[in-house]
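Taking it in order: structure first as structure tokens, then the write-up.
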Amino acid sequence: MSTRTRSSVIATVALASAATLGLASAATAAEVTTYPFELLPGFTIEAPYPNYEITIDCDEWVEDDSDAGYGDFELAWVPGGTLDINLTCEPEDLYVEPVDDELDGGDFPAGYETTAGTGDIELVYSFDPNTAIQFDLGEHTIFIYYFASVELDDPAGDLLLTQEATTPENGTQTLDFAEGITDEPFVECDLDEERVYAAIEFTVLEGGAYTFRVVDVSPLQSGELRLGSEFADWWTYEPNPWGDYVPIADPFFVLYSSFDPDQPAQGLVECNDDIDVDLSNNVFMRDSANHFISGVYPELIVDLEPGEYTLVVTTYDTVGSPDPSAAPAKVDAADAPLAPAEYELDGLPEQSATVQFWGVEGGLELGHAAELAETGPDSARSTGLAIAALLALLVGAAAVTIARRRTA
Numbered sequence: 000m001s002t003r004t005r006s007s008v009i010a011t012v013a014l015a016s017a018a019t020l021g022l023a024s025a026a027t028a029a030e031v032t033t034y035p036f037e038l039l040p041g042f043t044i045e046a047p048y049p050n051y052e053i054t055i056d057c058d059e060w061v062e063d064d065s066d067a068g069y070g071d072f073e074l075a076w077v078p079g080g081t082l083d084i085n086l087t088c089e090p091e092d093l094y095v096e097p098v099d100d101e102l103d104g105g106d107f108p109a110g111y112e113t114t115a116g117t118g119d120i121e122l123v124y125s126f127d128p129n130t131a132i133q134f135d136l137g138e139h140t141i142f143i144y145y146f147a148s149v150e151l152d153d154p155a156g157d158l159l160l161t162q163e164a165t166t167p168e169n170g171t172q173t174l175d176f177a178e179g180i181t182d183e184p185f186v187e188c189d190l191d192e193e194r195v196y197a198a199i200e201f202t203v204l205e206g207g208a209y210t211f212r213v214v215d216v217s218p219l220q221s222g223e224l225r226l227g228s229e230f231a232d233w234w235t236y237e238p239n240p241w242g243d244y245v246p247i248a249d250p251f252f253v254l255y256s257s258f259d260p261d262q263p264a265q266g267l268v269e270c271n272d273d274i275d276v277d278l279s280n281n282v283f284m285r286d287s288a289n290h291f292i293s294g295v296y297p298e299l300i301v302d303l304e305p306g307e308y309t310l311v312v313t314t315y316d317t318v319g320s321p322d323p324s325a326a327p328a329k330v331d332a333a334d335a336p337l338a339p340a341e342y343e344l345d346g347l348p349e350q351s352a353t354v355q356f357w358g359v360e361g362g363l364e365l366g367h368a369a370e371l372a373e374t375g376p377d378s379a380r381s382t383g384l385a386i387a388a389l390l391a392l393l394v395g396a397a398a399v400t401i402a403r404r405r406t407a
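Using numbering that gives the first Met the number 0, the first residue of the sequence shown is number 0, and each one after it goes up by one.
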């Protein structure tokens, strides 16, 4: 499992709302946020990604003066997405600049348009992607970053199929890696403890390179509280940096040549935690179909021989008993390695990850065909042709017999 470093740029948003303002503490995945949703006093999310709509009530918004602070709001854009911010007043100042200067002036010029509001809304600001926004509302300030996204290359080969991997609600289907897996060659499979999962069975008909990539998760939620270490901190999952934590936000791949849920350490082929992409430029990602691709979505690239396999989609975080009230004081965890968080099974919603299969054209199909594991695809095809030829011969013989009887 790769050691991950996670940005805490907007991590303090939920912490401030819980600790400073006395709102609900860390979610245990028992609920899923519905909209409109008042994240903070005077800050309401009317609609989430990809068409964000936010209302700021200037009379209600109060900037936090504690060490935690509200932090910054990071939002993600894909083609067709929008960001509209409704204000009940005209701000004293509004500053905008590119999030990334290298994108400015090309496809992503920083900027915005304003239109008159209706009712209590004074102005509506519609922002372009790649825009860093600062609203000055008297003594209080709001920072919002609307990140552009750049297109990733498609995996090698053809898109063979797209499949939903869905874990049941209340965590009724789990794997327990209690003894742990740490030996080579399964460095990426450094797993322990219990996790919910969903399994996708498939058969490789032709050997070669195959890629499995998560391109979406549902629900698209959000903030997470790390506990049990000096690095305890809130941080959030794009593209919705608010609401209730749902562990599928950080999925994990485990590939098996033979899969027994009671012995999850057996039959391993390979694992993957996060997509291997350099995110040092702070630009978000999308695929060629304009799916938002999080840096914590897995992408597994592996050479496979013909045979049966099972792709298990599970979570980086593990089953446990989170206790938000026991969280130590927040520290900056921007460069700190963080262990998996814990989530409760009771009340866990149904979760799904959308998985794409890429590789050799015609080389893979869903489901298991037991004979393929023993005979290989060429033998299986030959056997099928032989059976078809025999059936045709029998049908022909039967037809001749019937004809003779009719003419007798």
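Ideal placement from N, C-alpha and C gives every residue a C-beta, glycine not left out.
Look at the alpha carbon of residue i and the alpha carbon of residue j, and state the distance between them as a whole number of angstroms.
i	j	result
residue 144	residue 263	42 Å
residue 179	residue 77	39 Å
residue 98	residue 109	8 Å
residue 191	residue 176	4 Å
residue 131	residue 47	18 Å
residue 35	residue 236	19 Å
residue 360	residue 71	45 Å
residue 81	residue 212	26 Å
residue 156	residue 61	53 Å
residue 203	residue 270	18 Å
residue 37	residue 30	15 Å
residue 217	residue 154	23 Å
residue 255	residue 106	42 Å
Output the boundary residues of the beta strand (DSSP E) element that contains residue i.
i	result
residue 33	From DSSP, residue 33 is part of no beta strand (DSSP E); its letter is neither H nor E.
residue 270	267-271
residue 153	It is not in any beta strand (DSSP E) - residue 153 carries neither H nor E in the DSSP assignment.
residue 146	139-146
residue 136	130-136
residue 76	Segment: none, residue 76 is in no beta strand (DSSP E) and carries neither H nor E.
residue 415	The chain is shown only over 0 to 407; residue 415 falls outside these bounds and no answer can be derived.
residue 217	207-217
residue 351	350-358
residue 250	250-255
residue 308	306-314
residue 274	Counting along the chain, residue 274 falls outside any beta strand (DSSP E), and DSSP gives it neither H nor E.
Between the Cα of residue i and the Cα atoms of the options, which residue gives the shortest distance?
i	options	result
residue 122	138, 87, 93 and 110	87
residue 246	47, 162 and 352	352
residue 103	89, 128 and 79	128
residue 261	196, 359, 45 and 38	196
residue 59	50, 39, 75 and 32	39
residue 112	100, 126 and 106	126
residue 194	57, 298, 318 and 296	318
residue 136	56, 155 and 265	56
residue 249	115, 50, 304 and 296	296
residue 314	164, 101 and 41	164
residue 140	339, 187 and 90	90
residue 303	101, 289 and 210	210
residue 342	173, 282, 291 and 257	173
residue 208	299, 316, 258 and 242	299
Please go through the same chain and pick out, in chain order, the residues whose beta-carbon is closer than 7 Å to the beta-carbon of residue i, but skip the five residues on each side of it.
i	result
residue 160	356 and 365
Excluding five sequence neighbours on each side, which residues of the same chain lie with their C-beta closer than 8 Å to the C-beta of residue i?
i	result
residue 412	No statement about residue 412 is possible, as the shown extent of the chain runs from 0 to 407 and does not include it.
residue 45	34, 35, 52, 53, 54 and 85
Using a Cβ-Cβ cutoff of less than 6 Å, which residues in the same chain neighbour residue i once the five nearest sequence positions on both sides are dropped?
i	result
residue 133	94 and 142
residue 219	239
residue 124	84, 111 and 113
residue 283	75, 146 and 148
residue 290	214 and 215
residue 43	35, 37 and 54
Looking at residue i and the ligand MN, is the gap between the Cβ and the nearest heavy atom below 6 Å?
i	result
residue 131	The ligand MN is not among the ligands present in this structure, which contains no ligands whatsoever.
Is it a yes or a no for the region 163-177 touching the region 341-352, going by three-plus beta-carbon pairs under 8 Å?
The answer is yes - the region 341-352 touches the region 163-177, with three or more Cβ pairs under 8 Å.
Could you tell me whether the region 112-120 touches the region 148-157, using the rule of 3 or more Cβ pairs below 8 Å?
Segments in contact, no.
The region 304-315 touching the region 197-209, judged by at least three CB pairs closer than 8 Å:
Output reads yes: the region 197-209 touches the region 304-315.
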